[in-house]
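Worksheet: one structure, shown below.
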Amino acid sequence: VTLQGDANGINSAGNIIIISPEQVILNNSQISSNTTSSGAAGNIVINTPNLVLSETTRISASTSGSGIAGDITFNITDTLTIDNSTVASRTTLGSGGRGGNINVFNAGATNLVNGSSLSLNSDGQGAGGNLNLAAQALTLDNSNITATTLNSDGGDFTVNLSDYLLLRNGSLISTEAGTAQAGG
Numbered sequence: 315v316t317l318q319g320d321a322n323g324i325n326s327a328g329n330i331i332i333i334s335p336e337q338v339i340l341n342n343s344q345i346s347s348n349t350t351s352s353g354a355a356g357n358i359v360i361n362t363p364n365l366v367l368s369e370t371t372r373i374s375a376s377t378s379g380s381g382i383a384g385d386i387t388f389n390i391t392d393t394l395t396i397d398n399s400t401v402a403s404r405t406t407l408g409s410g411g412r413g414g415n416i417n418v419f420n421a422g423a424t425n426l427v428n429g430s431s432l433s434l435n436s437d438g439q440g441a442g443g444n445l446n447l448a449a450q451a452l453t454l455d456n457s458n459i460t461a462t463t464l465n466s467d468g469g470d471f472t473v474n475l476s477d478y479l480l481l482r483n484g485s486l487i488s489t490e491a492g493t494a495q496a497g498g
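To get our numbering, take the position in the sequence shown, counting from 1, and add 314.
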């Protein structure tokens with residue numbers, strides 16, 4: 315599956331919204347929303363009880379212009395599993411737009427396994443997006459949640475868990491701003 319929404323002018327791109335009453339499984343798929351100009355990228359929203367991203371699935375929002383990157387939001391009532399896959403928000407080198415947010419609202423368990431990542435990166439002038447994660451439990455097994463900015467302000471991480479956080483096998487939660495020694 316490949317779904318893409320792009321803004322290439324002054325108008326904003328449309329949103330990509332997936333709603334399922336039981337589950338959504340994406341294997342080796344790509345969903346992206348991008349802007350290359352002043353128009354905002356669209357948001358990506360998935361509402362389902364169970365969401366599985368596997369086999370190098372990539373969900374991304376980015377800006378390479380002055381427009382804002384879209385937000386990525388998962389509304390889950392049971393389990394989110396990200397297996398060997400990536401959810402990313404980024405601004406590219408030379409861009410001026412702000413990075414999009416990654417929002418995970420989950421009444422159950424969130425699991426990142428087998429080299430998976432939630433990443434917010436800003437290589438442009440705009441600030442990086444924020445991560446908002448609420449879940450009963452969060453497990454990272456050989457996986458990462460990271461935010462890195464080259465020379466702008468990094469986004470905030472807000473993680474609310476009602477039960478536990480488990481990091482295994484070299485997993486990492488990290489933020490780093492100003493990697494180009496140019497502030498941030």
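The beta carbon of each residue, even a glycine, is placed where N, CA and C say it ideally should be. Note that the structure is a prediction, hence the values are computed from the model and not measured.
Which of helix, strand or coil DSSP assigns to residue i
i: I324; result: coil
i: D437; result: coil
i: P363; result: strand
i: N357; result: coil
i: A375; result: strand
i: S334; result: coil
i: V346; result: The sequence as given places Ser at residue 346; Val does not occur at that position. Reduced to three states, the DSSP call for S346 is strand.
i: S352; result: coil
i: S380; result: coil
i: N329; result: coil
i: T387; result: strand
i: T316; result: strand
Cα-Cα separation between residue i and residue j, rounded to whole angstroms
i: V359; j: E369; result: 20 Å
i: S480; j: S403; result: With the sequence shown as reference, residue 480 is identified as Leu, and Ser is not the correct amino acid for it. C-alpha separation (whole angstroms): 24 Å.
i: A327; j: L394; result: 27 Å
i: N425; j: L454; result: 6 Å
i: S343; j: T316; result: 6 Å
i: V427; j: N398; result: 6 Å
i: I331; j: T387; result: 10 Å
i: G422; j: T349; result: 33 Å
i: G413; j: G440; result: 7 Å
i: N474; j: T391; result: 15 Å
i: A290; j: N417; result: Outside the shown range of the chain, which is 315 to 498, sits residue 290, and nothing can be said about it.
i: Q318; j: G353; result: 15 Å
Residues of its chain near residue i, where Cβ-Cβ distance is below 6 Å and the 5 sequence neighbours each way are ignored
i: F419; result: N389 and A448
i: I333; result: N361
i: A515; result: Missing from the structure shown is residue 515; the chain here goes from 315 to 498 and no further.
i: L367; result: L340, I396 and S399
i: N458; result: S431 and L486
i: N357; result: N329, G384 and D385
i: S376; result: N348, A383 and R404
Own chain, CB closer than 7 Å to residue i, minus 5 neighbours either side, in chain order
i: S476; result: Q450
i: L407; result: D437 and G438
i: Y478; result: A451
8 Å CB neighbourhood of residue i in its chain, flanking five on each side removed
i: E336; result: T362, P363 and N364
Distance cut-off 7 Å: residue i Cβ against heavy atoms of the ligand SAM
i: D477; result: The ligand SAM is absent from the structure shown, which contains no ligands of any kind.
**Study point:** beta strand (DSSP E) runs contained entirely in the stretch 423 to 495, provided each spans 3 or more residues
**Key:** Within the stretch 423 to 495, complete beta strand (DSSP E) segments of at least 3 residues are found at 423 to 427, 431 to 436, 445 to 455, 458 to 463, 471 to 482 and 486 to 490, given in chain order.
**Study point:** Sequence ranges, beta strand (DSSP E) only - wholly within the stretch 392 to 422, length at least 3
**Key:** 400 to 405 and 416 to 420
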